[in-house]
Every structure is written in structure tokens, then in C-alpha cells.
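Down below is the structure, laid out as C-alpha cells.
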Amino acid sequence: MVSRRLGLDAAEKYIRSSRAILNLSARMFSRSQYLDAAAKLIFGFSGCRCVGIRLADAAGHIPYESYQGFSGKFLETENNLCLGKDQCACVRVIKREAKPSDASAMTPFGSFCVNQSRDFDKTLSKDERCLYRGVCIENGFLSIAVIPLRYRSSIIGAIHLADERENRIPGDVIGLMEFLSPVIAEGVQKFELSDNIRKSYDIQRKINAIMRLSLEEIGLEELLRQALETIVFIPWMAFELKAAIFLVDDDDPQTLVLRAHIGLPKKFEKEWARIPFEQSLSGQAVVNREVYFIDYADRGQETKYPGMPLYGHYNLPILFVNKILGIIRIYVREGYQRNRQDEEFLFSFAAALAAIINRRRTEKKLFKAYEELIESQNKLSGAQRLSDIGTLAATVAHELRNPLGVIRTAAYNIRKKSKDPQLYGHLDNIDKKVMESDRIISNLLCYSRIKLPHHEKVRIYDILEECTAAAKNKFKDFKVSVLKKYNGLKGCVLEADPLQIKEVFGNILDNAYDALAGNKRRVIEIEGACDQAAGEVKISFKDNGAGIDAQDLKRLSEPFFTTKARGTGLGLTVSFQIVHLHGGRIDVESRKGEGASFSVAIPLFKKQ
């Protein structure tokens, strides 16, 4: 009767205790609250002075998630045990890998319990003693028990009981703990699932916020910086407020370029501006397309980074359809252990960034292509318009040249037959205007008939001399000082169309002489040099004339643009086109009232 009564009392105690644990599961709002309350109940149920609940994480560490009575010194040494590398009874209970030396202390449920720890230690050989850390004994615990936390077929952690007194963990206490183990584990898993759902929702909310950022009209670098801020401020993530994003350089695909960061010292912007792949684990993350994690213990592996901050961190590749775009570097707090769930979140973050970066780059390419298309259409439209103008110009020029010939002949005949000196002034004026008109007609015809250059060996010095002499003769009424500084061109031979080059030099010299009309002191300086290293001839024409307005400089190559009272505005247009067809360039510098400088560069050899 007494035995039966004791059995009923034990059963009632088991039921009452399990109900208390189940009530915690219903009343608490988080896993940490639940575990703290469960540890207090176990403290009361067991009568032990020290109680702890260990839970295994994804990396195999088994920290105390909640505890009662243990000293800070004890927790400092025992809190970071790892299933993969540490040896002790706690590890073997959770791994279900009891050693023969454990046999006398093991229960059928898989718990480890000793009520005379020093006596147990004396039974161990020297080799067996190495299988135990001995920290519990060092802290004076004589009664020690480790009960596995069983969730269905898995062991997710352990309940640790300890007391400085002997025989404080009898069989009925071990039995109660083993009975409560699945109940406690069920509650842990419930809150684990609830936390995971909450975290998943939070993660999705953050990813959505990042995707919304991509729709705003902000630059890519600012977008990446705001995305980093969104991530590192997640409260349940053990991230430092330090992070960076490196993208693969478009021009050098073996180099990472720092594009955004938060929380890093200013000096690292320069030191990390460009990082070759071979100089860092970040580069390895790119090359191998996998995550690299550096914790505090391993940070020496990153010694190739100048001034590396002493933080553990993730290096995570940013991939878009198997194309590597860059890496994300996220710094973690001290004591952080690598976490699979965190990595899954970071992969989602990287995937969102990859989509944004690829979209921005695609938009940039499309915009550039659109601009090029518009430019091509404008050029095509302009070419068609100019072609029509050219056809008209050729027709008009041809029709005008015949009557000009008649006028020139008539003036010649009048001069020959007339003896009236007063008439000669008028005839000179007729000859001058006929010459100007002929020049206009020549420009019209040249503009309408510009063809690809007919390249041949040309002595540029001789052409320049010929053009200079022709211009001087044409403007013989002008007192102009022409300074020749192109002796370096003697013997210089290039491949060019001599007729077209003469046209260019003639037009530029005509403009220089015209610009000097209002000056008392008139100077034209011509410099020339043969630059073998650059493979080109450089000739500059400088005058001290009226100069050109800044707004007019950009329009000098436009057909029919002129600021002069006479002329068609085609001379420089023709010159720019000819030099362009030769693969060269014309650079113009001028300030109003300070003269102008036209620099012509022509390749020594025909462009293939």
C-alpha cells in the first residue's frame, strides 16, 4: 500500500511538473522568456543550486541559453563548448557517443549522473581523464548530471544540474528531468518555429524594402549604401554596424572596386578602393563563388588587407545567372558563431542586390544605346539635309561660275581698251569681288563634292610654304607679319591628299587674315613639328585678331555658320571634314579680343 502510494505521488508530481512546463509554453512570448522560466522551474524541481539549459546551434556550439546559480567564471570557460572539437560528458550526451569510462554514470535514457564526482574521477585512468574537462570538479561540484533534451528522434541540447553537495541528484530527480525533457524540447521547438516565421517575415520585409529602393531615382552607390543600412540594423542579427559592397571592375575583371560601405573608417575608402582578387579572401569568394567566413580566431588569414579591422566577417559573392558581380562583406560581433540561417538570409539579400545591380546596368546600357540611336538618327537626318543642300549648292555654284567668267573677261577687255585712270579703281574693285565670289563658289563645290582622300606621299613643308605664299599674295594689301616656325617639317613626309590639305590650310589662313582686318599690328604665327612618337604632324596657326566668342566656338564646324559679313560659312566646315577623313583633328582655342589658335594634327600614315 505504501509502495503504491509512493508511485501515485510520483506520477502526480510528474503530471504537475509537465503541466507547469506546458503552461510556460502557452504564456511566454519568446524562446528566451520560455527558457528562463523553464530554468527556474527546473531549479525548484531538482533542488540543485545550479541549473543550466544548453541548446545546440547550427554550427555545433552548445552555449547556455538560460541558467540559474552558475558563476560568471564558470560560464566564461564552459559557455562556448563545441560538439565538433571539445571533449566532455555534455558533448557526448548530446552526440549520443558515450565512452566506456562513462558507463557507470549513464542511465538507459542517455543521461550522465554522478553524486560523488571526486570518487568518479579516481576511477579514471590517465587517458580516460583526458575525456573530461574537469571544470565542474574544479568549481567544487560534487553532484553533476547532464540530461539530454530530446525532440522526437533528435537531441537538441541538454539540461545541466550541479551542486557542491554530495548525493543531491537522486534517481527520482533524474527520472523527473528525463520525463520533462521531451516536454521542454517541444516548447523550444515551438518557439523556434515561431521565431523562424517572424524572422522570415522580417527578412521578406527587408528584401521588399530593398527592392522598393531600386525603383527610386537614386544612384547605384547610394542605393547600395542604403541597402547595407537596412540589413545591419536588423535587431536579431548579430552584425556589427559595419559592412561593404565591392563590385567587379568593368575595365579590369580581376579587381574588386569598393562601391558602398557603412561604419568603416575614412582611411579604408582609399586603402580598399581597389582590391585584386589574389590579394584577399574576398577575391577567393568571387573566384570560387562560395561564402568565406572569418571569425576572430581566423582573422590573421586576412593579413593582406592593409589595416584590417579586428572583426569577424562574411564574404558573400553576388551572383546573377551564374555571372559574378561582386561581393558583400558583413562584419559580425565578437563571439559570433557561423550560422546557416544567417547565411541563407544573406544569400537572399545578395540575390536581391544582384537583380538590382543587373537591372541598373542594363538600364544604363539601354539608355546609352538610346542616346547613340538618337545621335545616329540626328546625324542621318543632318546628312540627308546637308546632302540636299550640297546638291543645291553644286547647281547654284555651276550656274554662277559662267556669268562670273563673263564679268571677269569684260573687265579685262575694258581695262585693255580704256585709257581713263579713274576707271581702273572700279575695275580693281570688280576683280576683287569676282575673286571673292569665285572663292565662295569653290567652297560650295568643295563642300558638295567632298570625297575620301586620295593618299600619296606628301612633303608637308612644301605644301605649307605654297599655301602661305598664296595667302600673302591674296591679301597683299594687308600689312601682316607672318612668323614661320615650321623648319622642323623639312624632310617630313606623310600620306595624305595634297589638294585637300591645301584646302584646309588655305581656309584657315583666309580666316586668320580676315580676323586681322581691324588691327593696327597684324601677326600670324605658324608653328609646325613632326611628332614621330605620336605618329602625326602638328601645325598651329595663331593670330592676334578679334578672337571668337565662347558660344561660337562649338559651332565652327557647322555648315553655313559664319560671323563675317561675307562668305558662306563653309570654309571651316570643309576643313573639319577633310581632316576628320584623314583621321586627324582640329583644335580651336580663342578668347574674344585675344586672337585665335587653330591646331591641326594629321597622321603620318594612312589610317587602315
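First residue of the sequence shown: 301, per the numbering used here; consecutive thereafter. C-beta: ideal position from N, C-alpha, C; glycine also. Note that the structure is predicted; figures quoted are calculated from it, not measured.
task = May I ask you to report which of helix, strand or coil DSSP gives Glu602?
result = With a pLDDT of 48 at Glu602, under the threshold of 50, the modelled position of that residue is not reliable, and the figure given next carries that caveat. In this structure, Glu602 counts as helix in the three-state DSSP scheme.
inquiry  = Can you list, in chain order, the residues of its chain with a C-beta nearer than 8 Å to that of Phe905? Leave out the 5 residues immediately preceding and following it.
reply    = Leu794, Glu795, Gly835
task = Starting from Lys567, trace the alpha helix (DSSP H) both ways and give me its first and last residue.
result = 567-571
inquiry  = Considering only DSSP beta bridges, list what Tyr636 is partnered with.
reply    = Paired residue(s): none; Tyr636 is not in a bridge.
ask   = Which one or two residues does DSSP pair with Lys784 in a beta bridge?
value = Ile826
query = Is Ser303 helix, strand or coil when you go by DSSP?
reply = Below a pLDDT of 50, predicted positions are generally treated as unreliable, and Ser303, at 43, falls in that range; the measurement from the model is reported next regardless. Three-state DSSP puts Ser303 in a helix.
inquiry  = With DSSP as the reference, identify every bridge partner of Phe876, one or two as the case may be.
reply    = Answer is none; Phe876 lacks a bridge partner.
request  = Drop a sphere of 10 angstroms on the beta-carbon of Lys536, count the other beta-carbons inside from all chains shown, and report buried for 16 or more, exposed for fewer.
outcome  = According to the sequence as given, residue 536 is Trp; it is not Lys. Answer is exposed; the Cβ neighbour count stays below 16.
message = Am I right that Val532 and Phe546 are in contact with their C-beta atoms under 8 Å? What's the rounded C-beta distance?
response = At roughly 16 Å, the Cβ-Cβ gap does not stay under 8 Å, so Val532 and Phe546 are not in contact.
inquiry  = I'd like the list of long-range same chain contacts for Leu520, defined as Cβ closer than 6 Å, with 5 residues on each side in sequence excluded.
reply    = Arg660
message = For Ile350 and Ala339, what's the separation of their Cα atoms in angstroms?
response = The sequence as given places Cys at residue 350; Ile does not occur at that position. C-alpha separation (whole angstroms): 10 Å.
ask   = Distance, Cα to Cα, Ala356 vs Gln416?
value = 28 Å
key: the segment 473-486 contacting the segment 500-519, beta-carbon criterion three pairs below 8 Å   = no
task = Specify whether the segment 558-565 and the segment 524-531 touch according to this definition: at least 3 beta carbon pairs, one from each stretch, less than 8 Å apart.
result = yes
query = If you compare alpha carbons, which of Asp551, Ile594, Tyr367 is closest to Pro576?
reply = Asp551
ask   = Run through DSSP, which three-state label would Thr695 get?
value = helix
task = Using three-state DSSP, classify Asp843 as helix, strand or coil.
result = strand
inquiry  = Which runs of the beta strand (DSSP E) at least 3 residues long sit entirely within the segment 391-421? Give them in chain order.
reply    = 412-414
Nearest-angstrom Cβ-Cβ length linking Pro703 and Glu756, presumed shorter than 8 Å = About 36 Å; that fails the 8 Å criterion.
ask   = Quick one: what's got a C-beta closer than 8 Å to Arg418's C-beta in the same chain, skipping five residues either side?
value = Ile437, Leu442
inquiry  = Tell me the rounded alpha-carbon separation between Pro903 and Lys570.
reply    = 40 Å
inquiry  = Just to confirm my understanding: we take Ile760, look at its own chain, exclude 5 residues before and 5 after, and list those with CB closer than 7 Å. What are they?
reply    = Leu789, Cys792, Leu794, Val837
request  = Please classify Val804: is it buried, with 16 or more other beta-carbons within 10 angstroms of its beta-carbon, or exposed?
outcome  = buried
Residues of its chain near Glu428, where Cβ-Cβ distance is below 7 Å and the 5 sequence neighbours each way are ignored = Ser401
Ile503 versus Lys422: straight-line alpha-carbon distance, rounded = 53 Å
query = Which first and last residues belong to the alpha helix (DSSP H) in which Gln387 is found?
reply = First-last for Gln387: undefined, no H or E at that position.
Span of the beta strand (DSSP E) around Asn615 = 612-620
inquiry  = Can you tell me whether Asp549 is helix, strand or coil according to DSSP?
reply    = coil
task = Take Ala901 and list the residues in its own chain whose beta-carbon comes closer than 6 Å to its own, dropping the five residues that flank it on each side.
result = Glu836, Lys838, Gly884, Arg885
request  = In the DSSP assignment, find the unbroken beta strand (DSSP E) run with Ile562 in it and report its ends.
outcome  = 555-562
Residue environment, Gly818, which counts as buried when at least 16 other CB atoms sit within 10 Å = exposed
task = Select from Pro482, Ser453, Gly440 the residue whose C-alpha is nearest the C-alpha of Glu464.
result = Gly440
request  = Ignore the nearest five residues each way along the sequence and tell me which others in Lys772's own chain have a CB closer than 7 Å to its CB.
outcome  = Val782
inquiry  = Which residue wins for smallest C-alpha separation from Lys385, given the options Pro408, Asp720, Gly360, Gly372?
reply    = Gly360
inquiry  = Between the alpha carbons of Arg316 and Ala652, how many angstroms are there, rounded?
reply    = 50 Å
inquiry  = Assuming contact is defined by CB atoms lying nearer than 9 Å, are Leu700 and Ile741 in contact in what I supplied?
reply    = yes
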